Every structure is written in structure tokens, then in C-alpha cells.
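As they're listed, the protein sequences go chains R and P.
Counting in this note's numbering, the first sequence runs from 47 upward without gaps.
Counting in this note's numbering, the second sequence runs from -6 upward without gaps.
Backbone N, C-alpha and C define an ideal beta-carbon position, used for all residues, glycine too.
Owing to the predicted nature of the structure, the values given are computational and were not obtained by experimental measurement.
Scroll down for the structure; my scribbles are underneath it.
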Amino acid sequence: MRVELDVYSGRPNPRWELTDQQAAELLKRLEAAQPVPGDSTSFDGLGYRGFVVKAEGGGMGGFEEIRVFQGKVVGIRKSGTVVFQDPQHSVEAWLLESGRSHIEQATMEYVGKEIDAR
Amino acid sequence: MIRITADMFSGRPNPVWEVEGAEAESLLQEISRNQDAVAAMDEGYQGLGYRGLIVESLADNMSSKYGLPSSLRLANGANAKGLEIGDRIVSSMLKAKILDEGSHKSLLEQLQAFGQGFGAGITESDHVETAPAPVEAAAVAAVTCQIESAAFNPGFWNDPAHIGKNNCYNYASNRRTDTFAQPGLATGHQASVMACANVTAASLSDGLHKRFNCFPASENPRWLMALVVAPGQDYHWYRKQKEGFWGHKPGHTAARNVDNNNHVVLNPETAARAPYTNFCGYFYACKSQKIR
């Protein structure tokens, strides 16, 4: 599974691969999340815009892509999208931590504050 | 600058020729004078083998300047003038060593086949006629610099084939290189520290000038750009548009003219910019800017 922290404008966003153990942990967190009706929240301005997780072959419970932002986890597959609630922003915080060795310190601090503030 | 692709292969990459300066101007003028020869990207023969020449503008003001779409197909139907222009392009691609003798011969044969009726029945696209961008003057103290500005044209940047491949530096430089361009990369002076001084040095290395260090007319188009930095993280650019506001493109997201509070950007120094807290200054882009 490949994770992208969507945060930069000029430079390429930080990207990293999850280990098998981390991928299993993420799936476990997703399975525990509650589906909710309604649309996802998105933001496409300057600054933190969330995480995008991709896996080839639909290896994420049938989802090809997962977007995580502002307490919502959105699973995207060909048949449509499913929105899950992540009220404590624990998936976002966990994903940020999984990329610690790939994210520069200033960005780590900035995104951490953004997640806590929302 | 324009990019011409001989759309002919299925497996391997198509031959691509990037043309600039007088040669590009002359070609665009000729295509503009022969709008009947222009086809939309999805028009004409789309099967295996030669499918026409794709002409793409790498700047968002070209279509209005010449009344042409930003991407078009040429010489993929029976239009005689289109085939004549195609013949000329293909010969230039051989001279520029973009095509080898074999591909050149094959292309000429295909153009001839179109001229004899193969692919007949295709429809030709309509064209849009709009006025060229005016020149404006920017002055301060005793220095007056002549600069240019282009009309806000987000559709050129938000095309799904290009939106993820171009960033704020591409947008502000008005060069859709599809490389997610980085200041200083083309000239070997990329910034390793995200601070105003470092990104400024990288950008000047690419050929940009600080504001009021004027460029001559030969460097037209000279766009006005503004640089901001998120200290230790990233940089961001804006470009002054003909309408008076500023346009920008945050990373892979859509080009827009509003800030993080959804207000039209009339002043990049006071716009809502989230972590891009440091305003670094204004710059001019230029024709000879190196960008990669």
C-alpha cells in the first residue's frame, strides 16, 4: 500500500509504502470504522489536504483508493464510494506517524497541529 | 512554445517535437489562417497506425492569441491544407532529427493516403475567435517595465490529462511542461532549504528577474509572478492575470483565482495562504526562462 500526504503546492508530496504489518493494521482500523451516510469532506486549497492510500488489485477491502481527511475515511471503488466515520481522527494521526521517516520535521509538526485542530 | 506529437505508434512512445520562437509563431499563424484544417482531439481517424499530428500549446494564452484550442489534431483527414501543413511539419521533424528516415517515409505515405480519401467523412471542429492579450505597463519610482498578462484560463490547466502533472511554478511561469516543475532544476540550482532566499536564488538561476529589473521586449511574454514560502516545508507561486486578480494552482489541484477563504486574490501579500506565511517578493518570468 502506498500513502501520499497531500500537503504541498510546489514540491512533490511526501509518499511512502506501508510495511505488511502496517497495511494489516490499517485494514483493521478500517474494518472497525462505522459507515455513515452523506458525502466526504474535501479541501483543495493551500496546505494540508489529507491522505491518499492506494493499493493495486483492490487489496483494501475491495477499495482501490482510500482518502482520509477531517475525521472521514472515504473508500473508493468502481461501484462507488463509502464514507466511514473517524471521529477521533485516529486513522489520520496513525497515517501521519507511519510516514515519520519520510516527512520533514516542519511538515510533521504542521500536519499534526492541523489534525488536532479539526 | 508548442509541442507536436506524431500520433502513430501504439506500443512505443510517439515522436515529440518541441518548437519555440519564430518557428512556433509562424506555424501557429498558418494553422490559425486555416481553421478548416483543425480537428478536435477526438475527431478524425482514431484507429491503429498514423492518427494525425497533435499540436499542443504549452502556455495558456496561446489559444486566445491565435484563436485555436490548446490541443488540436491536424492532418488526420482529407483537408488538403491540413495535409500540406502536416507535410511541412513532418519534414521539419526529419531535419530536427526527431524522425528517422523510415518513420518520415511512413508518415508521408500516410498523409498521401489521407489525401486520397482514407478517413473521409470526419468532421472538422469549430473555432473560437478571441482577442489577443494586451500589454500593460507596471511602474514604480523611476523604473517602468513593460510586462504582459494573459486572461485567466483555468480550463487549460484543469484538463484531467494535465492537472496532476503541473504545479504552481508551471502555472505562474505559464509553461505546462507536465513535469511538476521545480525552481532551479533546469539550471542545476534547486533549493534544498525551503526559505525565501533559497527559492529566490533557484528561480533567478532559471532566468527569472526580480520585479523592476526589466526584461527587453525580446523576452516577451514577461509575466508578473509572486513567491511565498511555508518555512521549512514548501513554496508557492501566483501569476497576475489580465483581469487584475492573481491566478494560482496549489500542487496537483485545480487552477483558481481565489484564496483559502474563497476570496478572489487581489493581493497575494494579504491573501489567505495557510502555512505559506512568508511573502518573498515579485518576479518576472521571461521567454528564455529554463524550466523543468
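- Using a C-beta cut-off of 8 Å, the segment 217 to 228 of chain P makes contact with the segment 52 to 59 of chain R, since at least three inter-stretch Cβ pairs fall below that distance.
- When C-beta atoms of the segment 255 to 267 of chain P are compared with those of the segment 198 to 214 of chain P, fewer than three pairs fall below 8 Å, so the two segments do not count as touching.
- About 4 Å separates the beta carbons of P:I91 and P:W10, which is inside the 8 Å limit, making them a contact pair.
- When the five nearest sequence neighbours on each side are left out, the beta carbons in the same chain lying within less than 6 Å of the beta carbon of R:G121 are those of F109, I112, V128, in order along the chain.
- From the beta-carbon of R:S55, the residues of chain P found nearer than 7 Å are N160, C161, D227, H229, P243, G244.
- P:Y231 is bridged by DSSP to P:A219, P:H241.
- Contact between the segment 138 to 149 of chain P and the segment 205 to 216 of chain P is established, with three or more Cβ pairs separated by less than 8 Å.
- Note that the C-beta distance between R:K118 and R:S86 is below 9 Å.
- Taking all protein chains in view, the Cβ of P:H256 is surrounded by fewer than 16 other Cβ atoms within 10 Å, so the residue is classified as exposed.
- Here P:D53 is near P:A143, since their CB atoms are less than 9 Å apart.
- Within chain P, the C-beta atoms nearer than 7 Å to that of R:A152 come from P224, G225, Q226, in chain order.
- Of the residues assessed, P:Q175 falls on the buried side of the cut-off, its CB having 16 or more other CB atoms within 10 angstroms.
- Between R:A69 and P:T263, the alpha-carbon positions lie close to 42 Å from each other.
- By the Cβ neighbour-count rule, P:A165 is buried, with 16 or more other Cβ atoms within 10 Å of its own.
- Neighbours of R:G84 in chain P, taken as residues whose beta carbon is under 8 Å from its own, are absent, since the nearest beta carbon is some 22 Å off.
- Contact annotation: P:R66 and P:E36 have beta-carbon atoms nearer than 9 Å.
- P:I47 has P:T(-2), P:R66 as its beta-bridge partners, per DSSP.
- Assigned with DSSP and collapsed to three states, P:R26 falls in helix.
- DSSP places R:F97 in the uninterrupted beta strand (DSSP E) bounded by 97 to 100.
- When rounded, the separation of the alpha-carbon atoms in P:N69 and P:Y43 is 8 Å.
- The closest CA to that of R:A79, considering only R:D132, R:V114, R:R95, is found on R:D132.
- Taking the Cβ atoms as the reference, P:V31 lies roughly 14 Å from P:I(-3), outside the contact range of under 8 Å.
- When the five nearest sequence neighbours on each side are left out, the beta carbons in the same chain lying within less than 6 Å of the beta carbon of P:L178 are those of R285, in order along the chain.
- Within 8 Å of the CB of R:D90, the CB atoms of chain P belong to P243, T246, A247, in sequence order along the chain.
- Residues of the segment 129 to 157 of chain R with a Cβ closer than 8 Å to any Cβ of chain P, in chain order: E150, Q151, A152, T153, Y156.
- Within its own chain, the residues whose Cβ lies closer than 7 Å to the Cβ of P:F145, once the five positions on either side in sequence are excluded, are Q234, E236, G240, N250, listed in chain order.
- Proximity to P:K98 across P:F238, P:Q28, P:M1 peaks at P:M1, based on C-alpha coordinates.
- Close to P:R266, with beta-carbon spacing below 7 Å, are these residues of chain R in chain order: L92.
- Collapsing the DSSP output to three states places P:K283 in coil.
- Note on R:L51: 16 or more other CB atoms within 10 angstroms of its CB, so buried under the neighbour-count rule.
- In the DSSP assignment, no residue is bridged to P:M187.
- By the beta-carbon neighbour count (other beta carbons within 10 angstroms, threshold 16), P:L259 is exposed.
- For P:P147, the closest alpha carbon among the candidates P:R232, P:N271, P:E16 is that of P:R232.
- As computed with DSSP, P:I82 is found in no beta bridge at all.
- Residues of chain P with a Cβ closer than 8 Å to the Cβ of R:P58 are, in chain order, F173.
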